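Numbering (the working numbering), first residue to last: 8 to 273.
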Ligand SMILES: N[C@@H](CCC(=O)N[C@@H](CS)C(=O)NCC(=O)O)C(=O)O
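Shown next, in the form of structure tokens:
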């Protein structure tokens, strides 16, 4: 069999799919076709108003970077307690975590400064929540605000192709399959080109100002082109995206970004 051959080319899907935990290999702990908690565990709660539950993956990094940027601006009410949720051990499936995020994915945030305490999940929603709460890191005018939201939602829609698609098949999967790698590499390179063309005309994603759009996009696409995600820099020829590279390097230098990357790191 050549390496180009699809090992499953003769697979015919059954009438009704049935779950077999062995089919998802090393992801069997978390990859299940149903939702909900697997075990009872109460989440720890620290003294501060904001409680962050995350791990230092790109989605978790977004929120830690946001909080660090707010602190950098002197907003002391953005102080937070950070609790590690180790997704490799299935800690996102505890009853306490599922209560604050029924989708059982990190990051999630609790805001105890209001009554009743508010849960916030989905990293894009958390960024928007913190930006609204502290009136920071979103451009002021209607056009800038809209452009910022455009790119925030772009990131939320596109990153699953990078993480769940490309990252899964190129890096995490225990087997290397040409078809899905080609399919997701094509899409990810298209996304890199979208960013590169936009950043040829804009300093930051929403114009001249650094915003939550940059904070959402950098941990995924910035880390990727800087060679810190999936070891795929050469494979994707990231050096050819010169404007994206310029933006990624500038943001990497921000002290809040450097601090945010260390939060809940294992
Ligand atoms: N759209 C969600 C995605 C969250 C997500 O996929 N988080 C990953 C870590 S980057 C996770 O918790 N994975 C564990 C799992 O899938 O069980 C967000 O942006 O918050």
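Built from N, CA and C at the ideal position, the CB exists for glycine as well. Note that this is a predicted model, so its numbers are computed, not measured.
Cβ neighbours of residue 262 within its own chain (closer than 7 angstroms, five residues either side excluded): 79. Taking the Cα positions, residue 37 is about 35 angstroms away from residue 246. In this structure the stretch 207-214 does not lie against the stretch 47-56, because fewer than three pairs of beta carbons, one per stretch, are closer than 8 angstroms.
Nearest neighbour of residue 120 by Cα position, chosen from 52, 185, 61, turns out to be 52. Judged by DSSP in its simplified three-state form, residue 153 adopts helix.
Residue pairing by DSSP places residue 125 opposite 118 in a beta bridge. Residue 113 has its CB nearer than 8 angstroms to a heavy atom of ligand 1. Counted as a single uninterrupted DSSP element, the beta strand (DSSP E) harbouring residue 87 occupies residues 87-91. For residue 186, the uninterrupted alpha helix (DSSP H) run begins and ends at 185-208, by DSSP. When C-beta atoms of the stretch 192-203 are compared with those of the stretch 125-145, fewer than three pairs fall below 8 angstroms, so the two segments do not count as touching.
Looking at the backbone, the Cα of residue 255 and that of residue 231 are separated by about 9 angstroms. It is roughly 32 angstroms from the alpha-carbon of residue 158 to the alpha-carbon of residue 183. A Cβ-Cβ contact shorter than 9 angstroms links residue 145 with residue 219. Residue 178 and residue 238 have their C-alpha atoms some 8 angstroms from each other. Of all C-beta pairs linking the stretch 96-103 to the stretch 43-52, three or more are shorter than 8 angstroms, placing the two stretches in contact. The DSSP-derived three-state label of residue 137 is helix.
Residues 198 of the same chain have their beta carbon placed closer than 7 angstroms to that of residue 165, with the five preceding and five following residues left out of the count. Under DSSP, residue 101 takes part in a beta bridge, and its partners are 46.
Around the beta carbon of residue 69, 16 or more other beta carbons lie within 10 angstroms, which makes this residue buried.
Residue 28 carries a helical assignment under DSSP once its states are collapsed to helix, strand and coil.
Closest in alpha carbon position to residue 221, among 61, 64, 62, 72, is 72. With a 10 Å radius around the Cβ and a threshold of 16 neighbouring Cβ atoms, residue 108 comes out buried. Taken through DSSP and simplified to helix, strand or coil, residue 233 comes out as coil. The alpha-carbon separation between residue 18 and residue 190 amounts to approximately 19 angstroms. Scanning 97, 133, 124, 123 for the CA closest to the CA of residue 114 turns up 133.
According to DSSP, residue pairing for residue 59 in a beta bridge involves 89, 116. A distance below 6 angstroms between beta-carbons, with the five flanking residues on each side excluded, links residue 60 to the following residues of its chain, in chain order: 90, 92, 115.
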